[in-house]
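*Asks:* Provided herewith is a single structure, encoded as structure tokens, for subsequent inquiry.
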Amino acid sequence: MKLIVNPSRSEWAKELQRPIQKTKEIEKIVKPIMRKVKRMGDKALKKFALEYDHVQIKTLLVSAEEVQKAKSLVDPDLQAAILQAKENIETFHAAQATPDLVMETMEGVTCMRRSVPIQRVGLYVPGGTAPLFSTVLMLGIPANLAGCDEIILCTPPDKEGNIHPAILFTADLIGIDKIVKAGGAQAVAALTFGTESVPKVDKIFGPGNQYVTAAKQLATKNGVAIDMPAGPSEVLVYADSSAVPAFVAADLLSQAEHGVDSQVVLVASSEKIAKKVQEEIEEQLGKLPRKEIAKKALEHSVIVVMPKQEKAIELINDYAPEHLIICVENEDEVVSQIVNAGSVFIGNFTPESAGDYASGTNHTLPTYGYARNYSGVSLDSFLKKITYQKITEKGIKNLGPTIEKMAEAEHLDAHKRAVSIRLKYLKDKK
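Here you go:
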């Protein structure tokens, strides 16, 4: 990892630049895929499965028999771990529910706000180099709690045409029964336009590679919402002398192994801490099965030495990391000043992987600096907030003149008349 000592603010953007996403080039590949799926439906999905996943798919939808078979292939210890994670995620997300808001803003004028589930949602679950069954929990559980009518899960098959057993076990556990053997941009296209087997959805969720991300952004131009723009995974660790270097190195490597385009950043309070962490990275890297992927990610990752805490906090907020780990002595003071981060992990015994799997928070988070203006997935992501108002005769008498005056000032006579006609009716009724 590149080491930089106390860079000036003008250097931050350049030194912490994320891997460049060639959006235009990617869109040139993705747009024809989207068009073909829109035009050819299931036939296109099967064609792309052969082209990209190297498998001939006969039936796109996973059968009940396949689900039952997969359940028997999942190790009992893993099943128990998934059940524990499910319980924690359900507990935390259920607590996010808010009651209907009903209040009288003035006599005779009642305003209300209600949470209403999005009817049809599509969940994209990556299945390439690492089948992310944990994402099924992170997306499926809040979708269920919100009360979405239809939940469709898309995930790529392996070269035998099968879905990873842990993905099927987890989907079945939370009641998702429409599972599509499709990955990549073509899966997003199917959820956007609908095919013979895949219903068109109202909103698409889930992480993915640059092609999936580009497809999701194109989906928004076709009347479908998405959870957030999301790119390669990333973590920033802020560490001082109270941090355990071995823990810090392990956390950095846990993100580096996600993919060659992942980025990890260490902000250290001294060169001494930085060097200790570097030594630990060297030692631990060789033990990883995915070390070649991690090595490539480390090539565009960086260690920044920032002795002054206020400057370190400024840099963190400027970078806006997806995952932020804080291992410093005055952790509460630092945490209170963080305004841009997807999810924050506090203290030496809070690994980022806890949030990835089982603590209860959601792991679907904004990357690439989008934590400045997006939140991670939550129960609210699967809900719409609808407002209502009810005005009585007394209420329109009280509020009417205010509306009339404002409409008149904006030269919107029909707006004014909609009130005036009611006030006249009430006056004549006397």
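Residue numbers for the sequence shown follow UniProt numbering, so the first one is 1 and each next one is one higher.
Every residue, glycine too, gets a C-beta built ideally from N, C-alpha and C.
Here the structure is a predicted model, which means the values were calculated and not measured.
1) Below 8 Å on the Cβ atoms is my guess for K181 versus A49; work out the distance and round it to an integer in Å.
2) Just the Cα atoms here: how many angstroms apart are Q186 and K394?
3) Given V109, which residues of its chain have a CB within under 6 Å of its CB, disregarding the five upstream and five downstream residues?
4) Compare the beta carbon distance of E410 and S420 with 9 Å and say whether it is the shorter of the two.
5) Run through the DSSP bridge pairs and tell me what I326 is partnered with.
6) Return helix, strand or coil for R18, following the three-state DSSP convention.
7) Answer yes or no: do P165 and K71 have a C-beta to C-beta separation smaller than 9 Å?
8) Could you check what DSSP says for M34 in three-state terms: helix, strand or coil?
9) Please name the residue or residues paired with S115 in a DSSP beta bridge.
10) Would you call the segment 119-127 and the segment 189-209 in contact, with 3 or more CB pairs under 8 Å?
11) Cβ-heavy atom distance between E27 and the ligand MG below 8 Å?
12) Using the Cα positions of I33 and G41, report the straight-line distance between them to the nearest angstrom.
13) Use the C-beta contact count for N362: other C-beta atoms within 10 angstroms, 16 or more gives buried, fewer gives exposed.
14) Going by C-alpha distance, which of K385, G147, R417 is nearest R113?
15) Between which two residues does the alpha helix (DSSP H) harbouring G355 extend?
16) Going straight from the alpha carbon of C154 to that of N144, what length do you get?
17) Out of G194, L61, A80, point me to the one whose CA is closest to I179's CA.
18) Thinking C-beta only, is V339 closer than 9 Å to I326?
19) Can you check whether the CB of M138 is closer than 9 Å to the CB of V344?
20) Return helix, strand or coil for A312, following the three-state DSSP convention.
*Replies:* In short, the structure shows the following:
1) 7 Å
2) 56 Å
3) I391, G395, L399
4) no
5) Y238, I346
6) coil
7) yes
8) helix
9) K385
10) yes
11) In terms of ligand content, the structure shown is empty, and the ligand MG therefore cannot be addressed.
12) 11 Å
13) buried
14) K385
15) 352-357
16) 16 Å
17) L61
18) no
19) no
20) helix
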